[in-house]
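What follows is one structure encoded as structure tokens, with my remarks underneath.
There are 2 protein chains.
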Amino acid sequence: MAGDKFVLHYLTESRASRIVWLLEELNLDFSLKVYKRVGGVLAPKELLDVFPTGMSPVLQIFKEGETEPLTLAESGHIIQYVIRHYDTEGKLTPSSDAEKEKVDYFLHFAEGSLQPHLVSLLVGDVASHKAPWPASYLVKGIVGKINSEYYLKRLKTNLQFLDDVLAKKGGGFFVGDKLTGADIILEFPVGQNVFSNEQRARNLGLDVPPSKAWPHLYEWSKLVAGQPLRKKAVATEKANL
Amino acid sequence: MAGDKFVLHYLTESRASRIVWLLEELNLDFSLKVYKRVGGVLAPKELLDVFPTGMSPVLQIFKEGETEPLTLAESGHIIQYVIRHYDTEGKLTPSSDAEKEKVDYFLHFAEGSLQPHLVSLLVGDVASHKAPWPASYLVKGIVGKINSEYYLKRLKTNLQFLDDVLAKKGGGFFVGDKLTGADIILEFPVGQNVFSNEQRARNLGLDVPPSKAWPHLYEWSKLVAGQPLRKKAVATEKANL
Chain A
-3 MAGDKFVLHY LTESRASRIV WLLEELNLDF SLKVYKRVGG VLAPKELLDV
47 FPTGMSPVLQ IFKEGETEPL TLAESGHIIQ YVIRHYDTEG KLTPSSDAEK
97 EKVDYFLHFA EGSLQPHLVS LLVGDVASHK APWPASYLVK GIVGKINSEY
147 YLKRLKTNLQ FLDDVLAKKG GGFFVGDKLT GADIILEFPV GQNVFSNEQR
197 ARNLGLDVPP SKAWPHLYEW SKLVAGQPLR KKAVATEKAN L
Chain B
-3 MAGDKFVLHY LTESRASRIV WLLEELNLDF SLKVYKRVGG VLAPKELLDV
47 FPTGMSPVLQ IFKEGETEPL TLAESGHIIQ YVIRHYDTEG KLTPSSDAEK
97 EKVDYFLHFA EGSLQPHLVS LLVGDVASHK APWPASYLVK GIVGKINSEY
147 YLKRLKTNLQ FLDDVLAKKG GGFFVGDKLT GADIILEFPV GQNVFSNEQR
197 ARNLGLDVPP SKAWPHLYEW SKLVAGQPLR KKAVATEKAN L
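Residue numbers (our numbering), protein chains in the order written: chain A, -3 to 237; chain B, -3 to 237.
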């Protein structure tokens, strides 16, 4: 356990970013294996050789005394597993069962309900930019209509839901009064994708500045970005690119 | 515990179908509250009043001796919670920790990696049908190109991954040698959406009959459809519509 080693298979600009932070928080012995996206979108073959769906993150745990690594995929599952087995001092683990259930809920919510809309908005945006003029004009219009009637509507509903959760508990972290897996999984879709850059938010199709529309979430995004080990994780990522 | 009652908030043609099956398997005391989709797509306001993201399923548990119900959302989280707390005889729970982790993985995979592509294919299909002629022709072309380059590619990769998992273990259920939460969460996207109807699969954009392309998954879809309590769940749904 103390001698277990971690290899994080890290696709650039991906959800893997959150697992760097998780591993830093728990002071685990890890290294990054970096993969660049093919044509700006899909994973390269080398990543598919590690795990066949080509999604990132993939985390391999080399347990002391075992010859084969344990290979984990899906952000929510990785966070759940690593905290359950390696948060020996309870740093990220809430003390009550009710709060633990809330964290589990957000681990499913982030990927099940929130992130798909962001991915679809991004895919539509890439499609609009890839199409040659004048087709790009048509693609933009059609993609824009699908976005405004479905994906953007759902994204806004989900951001409002998260803002209300924070408003009701008077700000701070998502569950209880300390950092948990809920904050770690939500930082990528909410902090990085929506609040880190107003131009990026406009590119997603958001027609109001997110800091004005969802002020509690905005405060939260600053709170998590300022965590010392989140900053260390950002530095680790930069040093490995 | 024995006296706990369940209310499943059930949006028509939704992931809630799998929770009916789960509750039947564990012989729990539940009722369905049915909601019809507005304009064939989004949830009605009444469902948003129960849980503000408008997603289905939402499960409320009225615990004996407590005044407020526990309200759960996200399929993966609901399945995890209900099995952990109400599978008192271990009917759906694997005996080894390694198998339990595998089930947890599939609970995240189904909603995190697989289902979003199906939803996007469906949204694109609805958009193509809604647009007036001749715009519908353009929309179909553009949506078709986005689908074939992204969503369909990813859907096929994921179906192939699942087929390989079953091939490697010689068929049967997804984890170990019995029904688990993994089969229950995968039945909706894989069984119902891909294998239940060849025309439906073609509408999604699949250009090969799924039964030929992924024969192990096809066998699995028949195995789960034939489970006595899955059949009972289908009857329960019908009786409540």
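All C-beta atoms, glycine included, are put in the ideal place defined by N, C-alpha and C.
Residue i versus residue j - alpha carbon distance
i, j, result
"L182/A", "A106/A", "6 Å"
"L202/A", "L148/A", "7 Å"
"K126/B", "V139/B", "13 Å"
"K174/A", "V37/A", "35 Å"
"I15/A", "T63/B", "39 Å"
"V186/A", "L110/A", "9 Å"
"G35/A", "K29/A", "19 Å"
"L237/A", "R196/A", "21 Å"
"P48/B", "K59/A", "42 Å"
"M(-3)/A", "E145/A", "49 Å"
"G50/A", "V161/B", "15 Å"
"G61/B", "L7/A", "49 Å"
"H113/B", "K96/A", "29 Å"
"L221/A", "I79/A", "Note that residue 221/A is Ala in the sequence shown, not Leu. Rounded to whole angstroms, A221/A to I79/A spans 20 Å at the Cα level."
"R11/A", "L155/B", "22 Å"
"E70/A", "W129/A", "38 Å"
"E194/A", "A235/A", "26 Å"
"H81/A", "L22/A", "11 Å"
"R33/A", "L55/B", "39 Å"
"K136/B", "K152/B", "20 Å"
"E85/B", "Y214/B", "30 Å"
"G72/A", "A131/A", "39 Å"
"V115/B", "A39/B", "15 Å"
"K165/B", "D159/B", "10 Å"
"I204/A", "Q223/B", "Correcting the residue identity first, residue 204/A is Val in this sequence and not Ile. Spanning the two alpha carbons is a distance of roughly 50 Å."
"I180/B", "L117/B", "22 Å"
"H104/B", "L68/B", "16 Å"
"R150/A", "K141/A", "14 Å"
"G(-1)/A", "K41/B", "53 Å"
Rounded distance between the beta-carbons of residue j and residue i, thought under 8 Å
i, j, result
"D121/A", "N199/A", "6 Å"
"K98/B", "A178/B", "7 Å"
"Q76/A", "D100/A", "7 Å"
"S217/A", "F184/A", "Their Cβ separation, rounded to whole angstroms, is 11 Å, which puts S217/A and F184/A out of contact at 8 Å."
"H5/A", "P65/A", "Incorrect: roughly 11 Å between the Cβ atoms, too far for contact."
"F170/A", "F102/A", "6 Å"
"H212/A", "G167/A", "6 Å"
"I74/A", "F2/A", "Between F2/A and I74/A the Cβ distance is about 10 Å, and since that is not below 8 Å, they are no contact."
"Y31/A", "L43/A", "5 Å"
"L88/B", "T176/B", "5 Å"
"W17/A", "A209/A", "Actually they do not touch by this definition, with Cβ atoms about 25 Å apart."
Exposed unless 16 or more other CB atoms sit within 10 angstroms - verdict on residue i
i, result
"A123/A", "buried"
"D93/B", "exposed"
"Y133/B", "exposed"
"G108/A", "buried"
"N143/B", "buried"
"D25/B", "exposed"
"A163/B", "exposed"
"V119/A", "buried"
"S27/A", "exposed"
"S91/A", "exposed"
"P206/B", "buried"
Endpoints, beta strand (DSSP E) assigned at residue i
i, result
"S27/B", "26 to 31"
"Q280/A", "Within the shown structure, residues of chain A are numbered from -3 to 237, placing residue 280/A beyond reach of any answer."
"Y6/A", "1 to 7"
"L68/B", "66 to 69"
"V171/B", "No beta strand (DSSP E) holds V171/B; DSSP gives it neither H nor E."
"L55/B", "54 to 58"
N- and C-terminal bounds of the alpha helix (DSSP H) containing residue i
i, result
"V230/B", "224 to 236"
"A197/A", "194 to 200"
"F102/B", "93 to 105"
"E157/B", "At residue 157/B the sequence reads Phe, which differs from the Glu that was named. Looking at the DSSP string, the run of the alpha helix (DSSP H) that includes F157/B is 148 to 164."
"L114/A", "111 to 126"
"L22/B", "Segment: none, L22/B is in no alpha helix (DSSP H) and carries neither H nor E."
"A178/A", "177 to 182"
"S132/A", "131 to 142"
"V204/B", "Neither: V204/B is in no alpha helix (DSSP H) and is coded neither H nor E."
"L88/B", "Element bounds for L88/B: n/a, residue is neither H nor E."
"W210/A", "No alpha helix (DSSP H) contains W210/A, which DSSP labels as neither H nor E."
Interface residues of chain E facing residue i [CB-CB closer than 8 Å]
i, result
"Y77/B", "In the displayed structure, chain E is absent; the protein chains listed are A and B."
One or two residues paired with residue i in a DSSP bridge
i, result
"L38/B", "V34/B"
Near the ligand FMN: residue i beta-carbon under 7 Å from a heavy atom
i, result
"N199/A", "Among the ligands in the structure shown, none appear at all, so the ligand FMN cannot be discussed."
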